[in-house]
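Oh and the sequence shown: position 62 is 62 in the numbering used here, straight run, nothing missing.
One structure is given here, and the rest of the page talks about it.
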Amino acid sequence: MFLSLIFFLKALTNEAFSQKVFSCDSKYDADIKVFVCDSKYDADLWVYKVSSSYDVNNDGLWFFCDNKYDAKKKIYFVDSKYDADLLIFFVESKYDAKWNDMSKKYLIY
1 MFLSLIFFLK ALTNEAFSQK VFSCDSKYDA DIKVFVCDSK YDADLWVYKV
51 SSSYDVNNDG LWFFCDNKYD AKKKIYFVDS KYDADLLIFF VESKYDAKWN
101 DMSKKYLIY
């Protein structure tokens, strides 16, 4: 019983604060407009793309869903950083994923 409760709470925590995203074709369908920076030092969030939805967290580990209904946030990639709500940089390692500007964290919740 106790173990079941722990697994349930772990799953609930991952679901509540997960970064499962769907890339929209229209900025009007998106929750957040995102720009991919050339330099990680210009980014608000350093993102690592994970291959499983179970690996996500709210510190930059993103899973890209195939279906918008499975995603927690719908994003649209813009061409200019001035049009973006969030600036991101894709990192090579999941250990490098992190927030550079914590004031933007509310966008993902």
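Backbone N, C-alpha and C fix where the C-beta goes; we use that ideal spot for every residue, glycine too.
Model, not experiment: these values are computed from the prediction.
- The Cβ atoms of I75 and C37 lie no closer than 8 Å to each other.
- A residue is called buried when at least 16 other Cβ atoms come within 10 angstroms of its Cβ; K73 meets this threshold and is buried.
- Counting the other Cβ atoms within 10 Å of the Cβ of D29 gives fewer than 16, which makes it exposed.
- With respect to the 8 Å criterion, I88 and Q19 are not classified as neighbours on the basis of their beta carbons.
- In chain order, V78, K81, A84, L87 place their CB closer than 6 Å to the CB of F35, counting only its own chain and leaving out the 5 sequence neighbours on each side.
- When D70, K33, K27, D66 are compared, the shortest CA-CA separation from K104 is found for K33.
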